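Okay, so here's the structure we're looking at.
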Amino acid sequence: AQKVTQAQTEISVVEKEDVTLDCVYETRDTTYYLFWYKQPPSGELVFLIRRNSFDEQNEISGRYSWNFQKSTSSFNFTITASQVVDSAVYFCALPENAGNMLTFGGGTRLMVKP
Amino acid sequence: DVKVTQSSRYLVKRTGEKVFLECVQDMDHENMFWYRQDPGLGLRLIYFSYDVKMKEKGDIPEGYSVSREKKERFSLILESASTNQTSMYLCASSSGLAGISGANVLTFGAGSRLTVL
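Chains as they are written, first to last, in this note's numbering: chain V, 1 to 114; chain H, 1 to 117.
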């Protein structure tokens with residue numbers, strides 16, 4: 001079975017600091033995808049990124065970047081120059097059942113203080 | 001935009017009551033899911049459905065049942081609510097089988113926070 005571990009349960013930073021959220025996974029699949037979702041206080045999970053294991057290049061989208069390292073089974077998420085609006089719970093997830101459903105990590109609550 | 005709507009944001013029920021949580025999606029998605037969210041445990045899958053009248057158990061189906069009579073609607077039923085079912089319940093949907101696309105993106109509703117007294 002797939003397993004996703006987010007060791008950081010809660011992180012608190014001051015606005016404009018950089019912050020990295022860790023994600024470590026276990027899978028028997030040779031090719032797979034990884035996801036990150038954001039859950040703001042409103043409750044609705046919002047899709048951030050889906051990444052294929054074939055592609056280990058870092059992904060950057062504005063202040064967000066993702067570092068995928070297959071050798072260490074990690075898919076870490078960095079927010080540069082954090083803002084109060086980044087405060088949320090962030091989930092890393094790994095598909096199973098041929099990609100039709102997701103296994104989620106425990107989530108990391110990020111609090112960005114002004 | 002894909003919209004997943006959960007009928008109740010907050011519910012308070014008593015032990016032993018029957019509870020219905022309703023979820024409706026408006027984008028003709030084949031797949032629908034019910035997850036339960038608890039602090040530190042992340043999201044755990046209760047049940048999912050690939051088609052009308054079709055259901056499969058997830059990781060924690062005990063104490064729950066589901067119903068999918070129409071493609072757009074997926075209901076979660078607690079036959080006899082217990083205090084350990086106090087939680088946040090999240091409904092999600094996705095389109096078709098993942099197949100060659102590799103993995104489906106799930107779209108979530110805003111959640112239903114259930115308190116069982």
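Ideal Cβ positions, reconstructed from N, Cα and C, are used throughout, including at glycine. If you're wondering where the values come from, they're calculated on a predicted model, not measured in any experiment.
Pairwise C-alpha distance: residue 108(H) and residue 115(H): Straight-line spacing of the CA atoms in residue 115(H) and residue 108(H) works out to 21 angstroms.
Contact with chain V by residue 105(H), beta-carbon distance below 8 angstroms: Look at residue 105(H): its C-beta is under 8 angstroms from a C-beta on chain V.
Assigned secondary structure, residue 3(H) (DSSP; H/G/I helix, E/B strand, else coil): Reduced to three states, the DSSP call for residue 3(H) is coil.
Backbone CA spacing between residue 34(V) and residue 40(V) [nearest angstrom]: 20 angstroms
Contact belief for residue 26(H) with residue 53(H) at Cβ below 8 angstroms, rounded distance in angstroms: In fact, because the Cβ distance is near 20 angstroms, the residues do not count as touching under 8 angstroms.
Spatially closest choice to residue 38(V) from 86(V), 61(V), 4(V), 15(V), by CA coordinates: 86(V)
Counterpart residues of residue 21(H) in DSSP-defined beta bridges: 76(H)
Residues within the region 18 to 41 of chain V neighbouring chain H, beta-carbon criterion of under 7 angstroms: 33
Boundaries (first-last residue) of the beta strand (DSSP E) holding residue 39(V): 33 to 39
Within-8 angstroms CB hit, residue 111(V) to chain H: no
For residue 78(V): DSSP bridge partner residues: 20(V), 65(V)
Under 8 angstroms from the C-beta of residue 126(H): neighbouring residues of chain V: Residue 126(H) is absent from the model: chain H starts at 1 and stops at 117.
Interface flag, residue 102(V) vs chain H, CB-CB below 8 angstroms: Answer yes: the Cβ-Cβ gap between residue 102(V) and chain H drops below 8 angstroms somewhere.
Neighbouring residues, chain H, relative to residue 91(V) (Cβ below 9 angstroms): 42, 43
Interface flag, residue 80(V) vs chain H, CB-CB below 8 angstroms: no
DSSP state of residue 71(V) mapped onto helix, strand, coil: helix
Chain-ordered residues of the region 46 to 62 of chain V with a beta carbon less than 9 angstroms from chain H: Those residues of the region 46 to 62 of chain V placed with their C-beta closer than 9 angstroms to a C-beta in chain H are 46, 47, 50, 52, ordered along the chain.
Which of helix, strand or coil DSSP assigns to residue 83(H): helix
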